[in-house]
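There are 2 protein chains.
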Amino acid sequence: MKLETLGRHILIEYYNCDEEVMKSHELIEKYMNEAAAAANATIVNSVFHHFNPYGVSGAVIIAESHLAIHTWPEYGYAAVDVFTCGDTIDPWVAFDYLEKAFGASRSESIEVPRGMTEKIRKFHPRGEELGKIVFKPEEN
Amino acid sequence: MKLETLGRHILIEYYNCDEEVMKSHELIEKYMNEAAAAANATIVNSVFHHFNPYGVSGAVIIAESHLAIHTWPEYGYAAVDVFTCGDTIDPWVAFDYLEKAFGASRSESIEVPRGMTEKIRKFHPRGEELGKIVFKPEEN
Chain W
30 MKLETLGRHI LIEYYNCDEE VMKSHELIEK YMNEAAAAAN ATIVNSVFHH FNPYGVSGAV
90 IIAESHLAIH TWPEYGYAAV DVFTCGDTID PWVAFDYLEK AFGASRSESI EVPRGMTEKI
150 RKFHPRGEEL GKIVFKPEEN
Chain A
30 MKLETLGRHI LIEYYNCDEE VMKSHELIEK YMNEAAAAAN ATIVNSVFHH FNPYGVSGAV
90 IIAESHLAIH TWPEYGYAAV DVFTCGDTID PWVAFDYLEK AFGASRSESI EVPRGMTEKI
150 RKFHPRGEEL GKIVFKPEEN
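In structure tokens:
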């Protein structure tokens with residue numbers, strides 16, 4: 030059985046992470062960008078914010094969708110999203126990369142298909158005319 | 030029964046949206062920021078990108094987590110995430126706002142709890158000492 034979707038989205042909970050990493054705007058931004066690159070993503074832009082007194086939030090926009098993070102250093106917890114489109118990128122590489130970088134002793138994940146092509150066609154008034162519904166990489 | 034979590038995350042699929050809106054970097058950025066404000070979020074920063082030839086991707090970092098979007102104008106489809114923390118913000122207001130702004134004729138959603146406090150405590154080596162695990166708003 031093959032599920033046709035535009036994207037796949039992994040929702041990750043990293044537990045018992047390194048508190049110093051979770052606190053560091055610089056390290057979180059670095060590791061999130063490195064995780065995107067390791068997964069073979071094309072990085073477009075990113076935005077990160079350090080909260081007072083604790084925690085970092087941010088997102089990396091990639092040509093193939095995005096990565097996002099919110100950290101709670103005081104609890105050793107980080108919520109991460111890795112949303113990817115197309116077949117040239119492997120979100121689980123980013124998962125593994127961050128698990129190691131954060132020193133998480135436990136990780137949990139859910140994978141959710143995003144943009145199921147059958148539904149996009151079904152709910153579109155000219156669904157039959159849409160042709161093959163696929164993720165197309167950006168043109169230069 | 031009451032579930033204790035740091036955040037709640039709504040994954041939304043908007044179908045059969047207005048193609049002109051889905052194409053417009055300017056409108057997508059405007060509507061995403063307005064949706065965040067309508068939900069009572071504190072906007073920290075945002076980043077949006079227009080793809081060649083089609084589609085817009087972006088994220089709005091809010092003090093209470095983030096909103097993210099990817100649009101496929103040619104299919105009338107948008108994938109949106111609304112991730113919020115704390116009790117002062119209602120992610121469903123953002124859901125309703127965007128559904129209307131995009132002219133989506135069909136919307137589907139999943140809500141996923143993020144940062145379940147029982148698990149954070151369970152997987153933390155000093156879990157019993159963590160005190161009450163709650164989302165704390167940023168201090169000025």
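Chains as they are written, first to last, in this note's numbering: chain W, 30 to 169; chain A, 30 to 169.
Each residue gets a CB set at the ideal place from its N, CA and C atoms; glycine is no exception.
Bear in mind that the values here come from a model prediction, so they are computed numbers and not experimental data.
Cβ shell of residue i (< 7 Å), same chain only, five flanking positions each side left out
i: Phe112 of chain W; result: Gly36, His38, Ser94, His95, Arg143
i: Pro102 of chain A; result: Glu48, Met51, Lys52, Tyr83, Gly84
i: Glu157 of chain W; result: none
i: Phe124 of chain W; result: Ile39, Ile41, Val111, Ser138
Between the CA atoms of residue j and residue i - distance to the nearest angstrom
i: Ile55 of chain W; j: Cys114 of chain A; result: Note that residue 55 of chain W corresponds to Glu in the displayed sequence, not to Ile. When rounded, the distance between both Cα atoms is 23 Å.
i: Ala133 of chain W; j: Asn81 of chain A; result: 38 Å
i: Ile72 of chain A; j: Asn62 of chain A; result: 8 Å
i: Arg135 of chain A; j: Val122 of chain A; result: 17 Å
i: Met30 of chain A; j: Lys129 of chain W; result: 35 Å
i: Ala70 of chain W; j: Lys151 of chain A; result: 34 Å
Neighbourhood of residue i by C-beta distance below 6 Å, restricted to the same chain and skipping five residues each side
i: Ile149 of chain W; result: Ile162
i: His99 of chain A; result: Ser86, Ala108
i: Ala97 of chain W; result: Ala88, Asp110
i: Ile139 of chain W; result: Leu40
Counted within 10 angstroms of its Cβ, other Cβ atoms place residue i as buried (16 or more) or exposed
i: Asn169 of chain W; result: exposed
i: Glu137 of chain A; result: exposed
i: Ile90 of chain W; result: buried
i: Leu40 of chain W; result: buried
8 Å CB neighbourhood of residue i in its chain, flanking five on each side removed
i: Phe131 of chain A; result: Tyr43, Cys46, Asp47, Val50, Met51, Tyr60, Ala107
i: Glu33 of chain W; result: Met145, Thr146, Glu147, Ile162
Nearest neighbour of residue i, chosen from the options [CA to CA]
i: Asp119 of chain A; options: A:Ser53, A:Ala68, A:Asn62; result: A:Ala68
i: Gly160 of chain W; options: A:Ala123, A:Gly160, A:Thr117, A:Tyr104; result: A:Tyr104
i: His78 of chain A; options: A:Thr71, A:Ile57, A:His153; result: A:Ile57
i: Asp116 of chain W; options: W:Phe164, W:Val141, W:Lys31; result: W:Phe164
Expected contact under 8 Å - CB spacing of residue i and residue j to nearest Å
i: Leu127 of chain A; j: Ala66 of chain A; result: Leu127 of chain A to Ala66 of chain A, Cβ: 12 Å. No contact.
i: Ala92 of chain A; j: Pro166 of chain A; result: 7 Å
i: Val141 of chain A; j: Asn74 of chain W; result: Not a contact, Cβ separation roughly 26 Å.
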